[in-house]
Amino acid sequence: GAGVSQSPSNKVTEKGKDVELRCDPISGHTALYWYRQSLGQGLEFLIYFQGNSAPDKSGLPSDRFSAERTGGSVSTLTIQRTQQEDSAVYLCASSLTAKDTQYFGPGTRLTVL
Amino acid sequence: DAKTTQPPSMDCAEGRAANLPCNHSTISGNEYVYWYRQIHSQGPQYIIHGLKNNETNEMASLIITEDRKSSTLILPHATLRDTAVYYCIVRISNFGNEKLTFGTGTRLTIIP
Numbered sequence: 011g012a013g014v015s016q017s018p019s020n021k022v023t024e025k026g027k028d029v030e031l032r033c034d035p036i037s038g039h040t041a042l043y044w045y046r047q048s049l050g051q052g053l054e055f056l057i058y059f060q061g062n063s064a065p066d067k068s069g070l071p072s073d074r075f076s077a078e079r080t081g082g083s084v085s086t087l088t089i090q091r092t093q094q095e096d097s098a099v100y101l102c103a104s105s106l107t108a109k110d111t112q113y114f115g116p117g118t119r120l121t122v123l
Numbered sequence: 008d009a010k011t012t013q014p015p016s017m018d019c020a021e022g023r024a025a026n027l028p029c030n031h032s033t034i035s036g037n038e039y040v041y042w043y044r045q046i047h048s049q050g051p052q053y054i055i056h057g058l059k060n061n062e063t064n065e066m067a068s069l070i071i072t073e074d075r076k077s078s079t080l081i082l083p084h085a086t087l088r089d090t091a092v093y094y095c096i097v098r099i100s101n102f103g104n105e106k107l108t109f110g111t112g113t114r115l116t117i118i119p
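Right under this line is the structure:
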């Protein structure tokens, strides 16, 4: 079946602009996660959704980062006033419930000039 | 989540079995061992997970020692497409511990 999809696959933006990254989880998966991976670094947890609620936002690096999920499905990660250090691959994962295996999407590569 | 220790890199000849070790000496009784891999520029791919017993699926086998302090991921017949970074993660599978904590993994290179 269809896996996790993310769009866009690549995004180049200028410093100071806002960006929105989209994640479509596997159908029926109630839990959704955002991670990011900076060049040559490991994966860093950002935020987790159970349904439309975000019980754990502990990984969001600053108040410029926000995320929402609607209809228990699609999620959007928004970065306001982007900075060069925001350049990274942003990865989304979903799982049937929060206790189950997480499946990742292909990621969005964000480049801030 | 318990920390894991993996060798930074390994080579394996194509067609041979690749055995990737992971130490997790502080694992607790209700923590699972998960393996993911990341092929260059792609999202992490789930491989296998287990709690106590050895596990096998179409991709790999997972051997967990009796004391659960270490495990080995086995790719039985490695191909060039298995070249990737392999991550061993231990995780309590209950609510309140949802995030995965990735370490630095093992960079496996399959040699033709």
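So the sequence lines, in the order shown, correspond to chains D and E. For the first sequence, our numbering begins at 11 and goes up steadily by one. For the second sequence, our numbering begins at 8 and goes up steadily by one. Think of the CB as a built atom: it goes at the ideal place given N, C-alpha and C, for glycine as much as any other residue. From a predicted model like this one, the values you see are computed outputs, not experimental measurements.
The residue among Ala98/D, Ser97/D and Gln112/D with its C-alpha nearest the C-alpha of Ser104/D is Gln112/D. Here Glu54/D carries a strand assignment [DSSP, helix/strand/coil].
Among the residues of chain E, none has a CB under 7 Å from the CB of Tyr100/D; the nearest is roughly 10 Å distant. For Gly57/E, the pairing in a beta bridge is given by DSSP as Val40/E. Taking each of Ser68/E, Tyr94/E, Gly110/E and Asn64/E in turn and checking the Cα distance to Ile46/E, the smallest one comes out for Tyr94/E. Within the stretch 100–114 of chain D, contact with chain E at the beta-carbon level (separation under 7 Å) is assigned to Leu101, Ala108, Lys109, Thr111, Gln112, Tyr113 and Phe114.
Residue pairing for Ile70/E: DSSP places it in a beta bridge opposite Thr79/E.
In the DSSP secondary-structure assignment, Thr113/E is bridged to Tyr93/E. What Phe55/D touches in chain E, judged by beta-carbon distance under 8 Å, is Lys106, Leu107 and Thr108, going in chain order. Spatial neighbours of Arg46/D in its own chain (CB-CB distance under 8 Å, excluding positions within 5 residues in sequence) are listed in chain order as Leu53, Glu54, Leu56, Ala98, Val99, Tyr100 and Leu101.
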